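Protein chains in written order, with my numbering: chain A, 24 to 282; chain B, 3 to 159; chain C, 9 to 283.
To start, the structure under review is shown below, and the notes come after it.
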Amino acid sequence: MKLIASLGAWAVAFVARLGQSFLFLLRALLGAARALPRFSLVVEQLYAIGVLTLLIIVVSGLFVGMVLGLQGYYQLVNFSAESSLGLVVALFLVRELGPVLAALLFAGRAGSALTAEIGLMKATDQLSAMEMMAVDPMARVIGPRFIAGLIAMPLLAALLSAVGVLGGYLIGHGQFGVDSGVYWSSMQNGVDLVDDVLNGVIKSLVFGFVITWVALFEGYAAPPTSEGVSRATTRTVVASSLAVLGGDYILTALMFGGL
Amino acid sequence: MQNKSIEIWVGIFIILGLAALTMLAVQVSNAGGATGDTFRINAHFDNIGGLTEKAPVMIGGVRVGRVGEIAIDKDSYRAVVGMDIDARYDNLPADTSASILTAGLLGAQFVGLQPGADDFYLEAGDRLEITQSAVQLESLISQFMFSQRQPEDSEEQ
Amino acid sequence: MHSPAPGFFDNPMVEATDIHFSFGQRPIYSGLNMVIPRGKITVILGPSGCGKSTFLSLVGGRLRPGSGGLLFDGAPIPPPGSNRLFEMRRKMGMLFQSSALLTDLSVFDNVAFPLREQTDLPEELIRIVVLLKLEMVGLRGARDLMPAELSGGMQRRVALARAIALDPDMVMYDEPFVGLDPISMGVIVKLIRELNDALGLTSIVVTHDVSEGRDIADYLYLLGDGKTIGHGSPEEMTDSDLPQVKQFMGGLPDGPVGFHYPAADYWADLSQPSP
Numbered sequence: 024m025k026l027i028a029s030l031g032a033w034a035v036a037f038v039a040r041l042g043q044s045f046l047f048l049l050r051a052l053l054g055a056a057r058a059l060p061r062f063s064l065v066v067e068q069l070y071a072i073g074v075l076t077l078l079i080i081v082v083s084g085l086f087v088g089m090v091l092g093l094q095g096y097y098q099l100v101n102f103s104a105e106s107s108l109g110l111v112v113a114l115f116l117v118r119e120l121g122p123v124l125a126a127l128l129f130a131g132r133a134g135s136a137l138t139a140e141i142g143l144m145k146a147t148d149q150l151s152a153m154e155m156m157a158v159d160p161m162a163r164v165i166g167p168r169f170i171a172g173l174i175a176m177p178l179l180a181a182l183l184s185a186v187g188v189l190g191g192y193l194i195g196h197g198q199f200g201v202d203s204g205v206y207w208s209s210m211q212n213g214v215d216l217v218d219d220v221l222n223g224v225i226k227s228l229v230f231g232f233v234i235t236w237v238a239l240f241e242g243y244a245a246p247p248t249s250e251g252v253s254r255a256t257t258r259t260v261v262a263s264s265l266a267v268l269g270g271d272y273i274l275t276a277l278m279f280g281g282l
Numbered sequence: 003m004q005n006k007s008i009e010i011w012v013g014i015f016i017i018l019g020l021a022a023l024t025m026l027a028v029q030v031s032n033a034g035g036a037t038g039d040t041f042r043i044n045a046h047f048d049n050i051g052g053l054t055e056k057a058p059v060m061i062g063g064v065r066v067g068r069v070g071e072i073a074i075d076k077d078s079y080r081a082v083v084g085m086d087i088d089a090r091y092d093n094l095p096a097d098t099s100a101s102i103l104t105a106g107l108l109g110a111q112f113v114g115l116q117p118g119a120d121d122f123y124l125e126a127g128d129r130l131e132i133t134q135s136a137v138q139l140e141s142l143i144s145q146f147m148f149s150q151r152q153p154e155d156s157e158e159q
Numbered sequence: 009m010h011s012p013a014p015g016f017f018d019n020p021m022v023e024a025t026d027i028h029f030s031f032g033q034r035p036i037y038s039g040l041n042m043v044i045p046r047g048k049i050t051v052i053l054g055p056s057g058c059g060k061s062t063f064l065s066l067v068g069g070r071l072r073p074g075s076g077g078l079l080f081d082g083a084p085i086p087p088p089g090s091n092r093l094f095e096m097r098r099k100m101g102m103l104f105q106s107s108a109l110l111t112d113l114s115v116f117d118n119v120a121f122p123l124r125e126q127t128d129l130p131e132e133l134i135r136i137v138v139l140l141k142l143e144m145v146g147l148r149g150a151r152d153l154m155p156a157e158l159s160g161g162m163q164r165r166v167a168l169a170r171a172i173a174l175d176p177d178m179v180m181y182d183e184p185f186v187g188l189d190p191i192s193m194g195v196i197v198k199l200i201r202e203l204n205d206a207l208g209l210t211s212i213v214v215t216h217d218v219s220e221g222r223d224i225a226d227y228l229y230l231l232g233d234g235k236t237i238g239h240g241s242p243e244e245m246t247d248s249d250l251p252q253v254k255q256f257m258g259g260l261p262d263g264p265v266g267f268h269y270p271a272a273d274y275w276a277d278l279s280q281p282s283p
């Protein structure tokens, strides 16, 4: 009985929070629309969100590409089909690993930082102070970060894929001597601009939207205490990572499965 | 002011990101060669094996176009492969032959063209007369096994 | 007894009549009446958690009263439409207890923030205004520092310079004396008085610090139980015979505000077997 009651309470709280987050999204989008003319604010946030995530993305991309090169080669060489190495590496990266891995790293690096920053701004009354200075925090603080998240994510995902393809080349060509022409041409023959590359970009856009939304909402709704902010930061990483992985399944099914 | 360096970094970030996107589009995917004008030539094959649309058309390992359409000729029931050749290769001899080849043992299949010696050049809508169908691994293997077994059979007779 | 001069309450800055307000189930105000005289320093005293700061949120339009009338400069707060609210807020400055400086901006940029957001002034003019305001709080030399490099007292002075950047008609101070050393406290007291008189401001100071509040006030309100339980000039309040006022002004541990949290009978509680 107690279990059912607590389940009900949890469900009510969940739905209430979901409603809050949609309301927040609406206000954030309106704020973003008003922030767009002041692009210098967005540039500032692109630095915090994009540039500071650049290094981890590039390094991860390189290693993932190299691992794909190794694993792909070991498997393909069994069928003496190592000429398809480039195709395997590129498809994995462009379709899945690029957007998903970049999104997970983005959630861990930029998403958590966003939540902590907004949560602290709220806890130290900075958002209230802005309101009292007749400045709407939605337009001044939330909006630019939202736009920056939407811009940064596809670029980061593309970077991860591109660096990964180079990493695969490094292993495939450098270590195993796969012909460089074969590596690139097998890729070009099998990877489609619309079906693969464009769908990957769409995926990363969706992920960027979701992560930025979750991160900003968690920060904005966090209790104004240090414990509240730290919990919200954890929740951002967990919730947005789950959303990315779940969303990836749905998007993949929609795009490639003809669902 | 530190704003300046932030702007520079963001600029670098955007350029890098766009460069990566361009690389994915041009170097990784098949968008690279498809730019510009093409002209369509056809070739009839008995069997095209695993050839697919968008497969490359090569001369001596260089891509000159891609497969645009695969259909069946309603009268002869042979496969018709329409190839979109880059417009700049407009001096292919009319007696050029086409064969369906495989990259590696199990790799993707593509159309290879062997230029002839004719004085006339191929034009849009032309049909290649000399073609060689895809080599099918299964029939190769069965042929091989058949030829191995035949002497034994004759002995038994 | 020094009662306020006649005309003291004419044309008041803020007028609250019969305000009812609650946070969810918890009632904060049940019939609050308060009049803030124009051009004076009004100090609102009260024990922690009695809803002193909530009053500032109501005046700032960040919260909406459940019922009752709240007028700022003769117009209802919050006004219909958020644009009008933002217009009204331009006439108010607020100093938060936490200073609420924007942590990623320098001292100069913090003070310039409302000017850059709200006006189209050229950057040279903004520079002059900012330096003027910083000079008033004595921190012109600290303009290139970041908020984290300042002491709590200096942060509060920067926040004060920011609050008066747009030349408001009224400044609200939320617990301006909390957590300051005696020197910084003296500086803030002096600043509140000087700015009020020099710029012709109306000031509302919310505090539980009786002695500082009494020193600085032109008029005092004492809040408790969701109402004003006493008001008057500092002298009137100090000499008040009302037991609650007496207890608070004198800082007595027991009185109408009990020492004990409401509980069952002591002996009955002790003799009960543990659950």
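Built from N, CA and C at the ideal position, the CB exists for glycine as well.
This structure is a prediction, so every number in the text was calculated from the model and none was measured.
- Entirely enclosed beta strand (DSSP E) segments - the segment 63 to 119 of chain B, minimum 3 residues: Counting only runs of 3+ residues, the beta strand (DSSP E) found wholly inside the segment 63 to 119 of chain B occupies 64 to 74, 81 to 88, 99 to 104 and 111 to 116, in chain order.
- Message: Alpha carbons only, please: which of V30(B), E140(B) and L94(B) is nearest the one belonging to Q116(B)?
- Response: Locating residue 116(B) in the second sequence gives position 114, counting from the first residue. When only C-alpha atoms are compared, the closest one is L94(B).
- Task: Could you tell me the distance, in whole angstroms, from the CA atom of M9(C) to the CA atom of L79(C)?
- Result: Sequence index remark: in the third sequence, residue 9(C) carries index 1 (1-based). Sequence index remark: in the third sequence, residue 79(C) carries index 71 (1-based). A caution first: M9(C) carries a pLDDT of 44, below 50, which makes its placement in the model unreliable, though a value can still be read off. Going by C-alpha positions, M9(C) is about 30 Å away from L79(C).
- Task: Determine the DSSP secondary structure at I14(B), reduced to helix, strand or coil.
- Result: Counted from its first residue, the second sequence places residue 14(B) at position 12. The answer is helix: DSSP assigns I14(B) an H, G or I state.
- Hey, does S253(A) have any beta-carbon neighbour from chain C nearer than 8 Å? By 1-based counting over the first sequence, the position of residue 253(A) is 230. With 8 Å as the cut-off, S253(A) does not count as an interface residue toward chain C.
- Message: Closest to V82(A) by C-alpha separation, out of I273(A), T275(A), V237(A) and V186(A), would be which residue?
- Response: In the first sequence, counting from the first residue as 1, residue 82(A) sits at position 59. Among I273(A), T275(A), V237(A) and V186(A), the Cα nearest to that of V82(A) belongs to V186(A).
- Message: Check this for me: beta carbons of S263(A) and V233(A), under 8 Å apart or not?
- Response: Reading the first sequence from its first residue, position 240 is the one you call residue 263(A). Reading the first sequence from its first residue, position 210 is the one you call residue 233(A). Yes, these two residues count as a Cβ contact at 8 Å.
- Task: Output the distance between the C-alpha atoms of L103(B) and Q111(B), rounded to the nearest integer angstrom.
- Result: Taking the second sequence and counting its residues from 1, one reaches residue 103(B) at position 101. Taking the second sequence and counting its residues from 1, one reaches residue 111(B) at position 109. Spanning the two alpha carbons is a distance of roughly 6 Å.
- Excluding the 5 residues preceding and the 5 following A180(A) in the sequence, name in chain order all residues of the same chain whose CB lies nearer than 6 Å to its CB. The residue labelled residue 180(A) in the question sits at position 157 within the first sequence. Counting only Cβ-Cβ distances below 6 Å, and skipping sequence neighbours, we find G121, P122, A125 and S227.
- Message: One question on the structure: do I172(C) and P184(C) come within less than 8 Å of each other, judged by their Cβ atoms?
- Response: As a first step, residue 172(C) must be located in the third sequence, where it is residue number 164. As a first step, residue 184(C) must be located in the third sequence, where it is residue number 176. Taking C-beta atoms as the reference points, I172(C) and P184(C) fail to come closer than 8 Å.
- Proximal residues to S107(C) (C-beta, below 8 Å), its chain only, five neighbours per side dropped: Translated into positions along the third sequence, residue 107(C) becomes position 99. Correct list, in chain order: P155, G160, Q163, R164, V166 and A167.
- Item | Proximity test, Cβ basis, 8 Å: F121(C) and chain A | Numbered from 1 along the third sequence, position 113 holds the residue referred to as residue 121(C). F121(C) counts as touching chain A.
- Task: Compute the Euclidean distance between the alpha carbons of D88(B) and L130(B), then round it to the nearest angstrom.
- Result: Along the second sequence, one-based indexing puts residue 88(B) at 86. Along the second sequence, one-based indexing puts residue 130(B) at 128. Taking the straight line from one Cα to the other gives about 16 Å.
- Message: Please report whether the beta-carbon of A162(A) lies at a distance below 8 Å from any beta-carbon of chain B.
- Response: One-based indexing of the first sequence puts residue 162(A) at position 139. Chain B contact via Cβ: absent.
- Query: The alpha helix (DSSP H) with P251(C) in it runs from where to where?
  - Reply: As a working note, residue 251(C) is residue 243 in the third sequence. Looking at the DSSP string, the run of the alpha helix (DSSP H) that includes P251(C) is P251 to G258.
- Task: Tell me D271(A)'s beta-bridge partners as DSSP assigns them.
- Result: The sequence position of residue 271(A) within the first sequence is 248, counting from 1. Beta-bridge annotation (DSSP): D271(A) is not paired with any residue.
- Task: List the residues of chain A whose Cβ lies closer than 7 Å to the Cβ of T18(B), in chain order.
- Result: In the second sequence, the residue the question calls residue 18(B) occupies position 16. For the sequence presented, residue 18(B) should be read as Leu rather than Thr. For L18(B), the residues of chain A that pass the 7 Å Cβ criterion are L182, in the order they occur in the chain.
- Query: Should the segment 140 to 160 of chain A be regarded as contacting the segment 232 to 250 of chain A, the criterion being three or more beta carbon pairs within less than 8 Å?
  - Reply: Short answer: they touch.
- Could you check the C-alpha separation between G263(C) and P251(C) for me, to the nearest Å? The sequence position of residue 263(C) within the third sequence is 255, counting from 1. The sequence position of residue 251(C) within the third sequence is 243, counting from 1. It is roughly 7 Å from the alpha-carbon of G263(C) to the alpha-carbon of P251(C).
- From the DSSP output, in three-state form, read off I225(A) for me. Taking the first sequence and counting its residues from 1, the one referred to as residue 225(A) is at position 202. If DSSP states are grouped into helix, strand and coil, I225(A) belongs with the helices.
- Query: Residue range of the alpha helix (DSSP H) that K25(A) falls in?
  - Reply: If you number the first sequence from 1, residue 25(A) lands on position 2. For K25(A), the enclosing alpha helix (DSSP H) stretches over residues K25 to A58.
- Message: Following a CB-centred definition, is L69(A) positioned closer than 7 Å to any heavy atom of the ligand SAM?
- Response: As presented, the structure is devoid of all ligands, the ligand SAM included, so that no description of it is given.
- Item | chain A contacts made by the segment 62 to 76 of chain C, where a contact means CB separation under 7 Å | Cβ contacts with chain A come from G68 and R70.
- Query: Hey, which unbroken runs of the alpha helix (DSSP H) at 4 residues or more fall wholly within the segment 148 to 217 of chain C?
  - Reply: Counting only runs of 4 or more, we get 160 to 171 and 190 to 207.
- Message: For chain A, check one thing: does any of its Cβ atoms lie closer than 8 Å to the Cβ of L94(B)?
- Response: Your numbering for residue 94(B) matches position 92 in the second sequence. No, because no Cβ of chain A sits closer than 8 Å to the Cβ of L94(B).
- Task: Classify S65(C) as helix, strand or coil using the three-state DSSP reduction.
- Result: As a position in the third sequence, residue 65(C) is number 57, starting the count at 1. Residue state, collapsed to three classes: helix.
- If you check the beta carbons only, do M60(C) and T210(C) fall under 8 Å apart? Your numbering for residue 60(C) matches position 52 in the third sequence. Your numbering for residue 210(C) matches position 202 in the third sequence. What sits at residue 60(C) in the sequence shown is Lys, not Met. Result no, Cβ atoms of K60(C) and T210(C) do not sit closer than 8 Å.
- Do you know offhand how far V267(A)'s Cα is from L127(A)'s? The residue you call residue 267(A) lines up with position 244 of the first sequence. The residue you call residue 127(A) lines up with position 104 of the first sequence. Looking at the two C-alpha atoms, the distance is approximately 7 Å.
- So what does T54(B) bridge to, in DSSP terms? Against the second sequence, residue 54(B) aligns to sequence position 52. Note: T54(B) sits in no beta bridge, so no partner.
- Message: In whole angstroms, give me the CA-to-CA distance for V179(C) and R50(A).
- Response: As a first step, residue 179(C) must be located in the third sequence, where it is residue number 171. As a first step, residue 50(A) must be located in the first sequence, where it is residue number 27. Cα to Cα, V179(C) sits roughly 29 Å from R50(A).
- Message: Does Q145(B) pass the burial test, meaning 16 or more other C-beta atoms within 10 Å, or should it be called exposed?
- Response: Translated into the one-based positions of the second sequence, residue 145(B) becomes position 143. Exposed is the label assigned to Q145(B), since fewer than 16 other Cβ atoms lie within 10 Å of its Cβ.
- Query: Of all the residues that make up the segment 59 to 92 of chain A, which are near chain C by a beta-carbon distance shorter than 7 Å?
  - Reply: Within the segment 59 to 92 of chain A, no residue has a Cβ lying closer than 7 Å to any Cβ of chain C.
- Task: Within its chain, find whatever has a CB closer than 6 Å to the CB of G190(A); leave out the 5 residues flanking it on each side and keep chain order.
- Result: Residue numbering aside, residue 190(A) sits at position 167 when the first sequence is read from its first letter. Only residues of its own chain outside the window of five on either side were considered, and among them L85, G88 and M89 have a CB closer than 6 Å to the CB of G190(A), listed in chain order.
- H196(A) burial status per 10 Å Cβ neighbour count (16 or more: buried): Against the first sequence, residue 196(A) aligns to sequence position 173. Answer is buried; the Cβ neighbour count reaches 16.
- Candidates D120(B), V113(B) and G70(B): which alpha carbon is nearest S135(B)'s? On the second sequence, position 133 is the one that residue 135(B) refers to. The residue with the shortest Cα to Cα distance from S135(B) is V113(B).
- Message: Nearest by alpha-carbon distance to L221(A): which of S31(B), E55(B), A81(B) and G118(B) is it?
- Response: The count along the first sequence starts at 1 and reaches residue 221(A) at position 198. The residue among S31(B), E55(B), A81(B) and G118(B) with its C-alpha nearest the C-alpha of L221(A) is S31(B).
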